[in-house]
Ligand SMILES: Cc1cc2nc3c(=O)[nH]c(=O)nc-3n(C[C@H](O)[C@H](O)[C@H](O)COP(=O)(O)O)c2cc1C
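In this note's numbering, the protein residues as written are 194 to 374.
Laid out in structure tokens, this is it:
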């Protein structure tokens with residue numbers, strides 16, 4: 194798929210068919226994410242793919258702050274990817290101090306950059322994704338048992354689309370871009 198087509202046709206998908214995401218396909222999208230740039234090439238982003246129905250139900254029920262869209266999405270997704278970061282590395286000096294005035298910002302920045310690569314690779318494979326930021330970190334940690342030293346950055350539901358949403362309106366390039374000459 195051509196790059197601009199992939200970027201423009203990607204939509205957040207919240208309704209999926211029952212078809213499972215093959216592990217080889219899952220590995221391919223995570224491989225794409227592994228090529229994303231990262232703070233000093235620290236590669237701190239990790240992916241926990243959950244397919245177990247009982248756990249998906251528990252996350253839907255208890256871990257998304259009762260946000261109905263996310264409950265529904267997680268209940269019908271064949272898989273949910275938890276995007277985590279190994280803490281205290283991206284944006285930090287070796288002595289544990291922050292490298293910049295932006296503090297912990299670079300951890301989630303790296304997670305965001307990698308997640309976009311993952312979502313576009315999924316799109317190229319005919320899969321749909323939705324990034325979800327409305328969740329309770331502590332409750333998800335409890336339910337899933339996120340490895341010690343990792344922080345949950347985002348949830349991504351993934352599967353074969355069962356809807357074709359209309360693109361939410363985008364701002365024009367004129368609104369977005371400032372060129373300083
Ligand atoms: C950081 C972030 C958090 C988001 N959180 C949620 C969420 O919790 N639930 C949801 O349904 N969509 C969520 N979205 C998806 C946005 O609503 C969606 O990207 C936006 O409406 C544009 O639609 P599009 O992705 O189809 O272009 C999130 C997207 C981002 C980037």
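Virtual Cβ for every residue (Gly too), placed ideally from N, Cα, C. Being a predicted model, the structure only gives us computed values, none of them experimental.
DSSP state of residue 236 mapped onto helix, strand, coil: coil
Once the 5 residues before and after residue 309 are set aside, which same chain residues still bring their CB inside 8 Å of it? 229
Secondary structure at residue 241, three-state DSSP: helix, strand or coil? strand
DSSP-derived helix/strand/coil call for residue 211: coil
Three-state secondary structure assigned by DSSP to residue 196: helix
Is residue 271 near ligand 1, judged by its Cβ being under 7 Å from some heavy atom? no
Segments of 4+ residues assigned as alpha helix (DSSP H) that fall wholly inside the segment 313 to 346: 330 to 337
Are the Cβ atoms of residue 262 and residue 207 separated by less than 8 Å? yes
Which term fits residue 349, buried or exposed, when burial requires 16 or more other beta carbons within 10 angstroms of its beta carbon? buried
Just mark residue 330 as buried or exposed, buried being the case when its beta carbon has 16 or more other beta carbons within 10 Å. exposed
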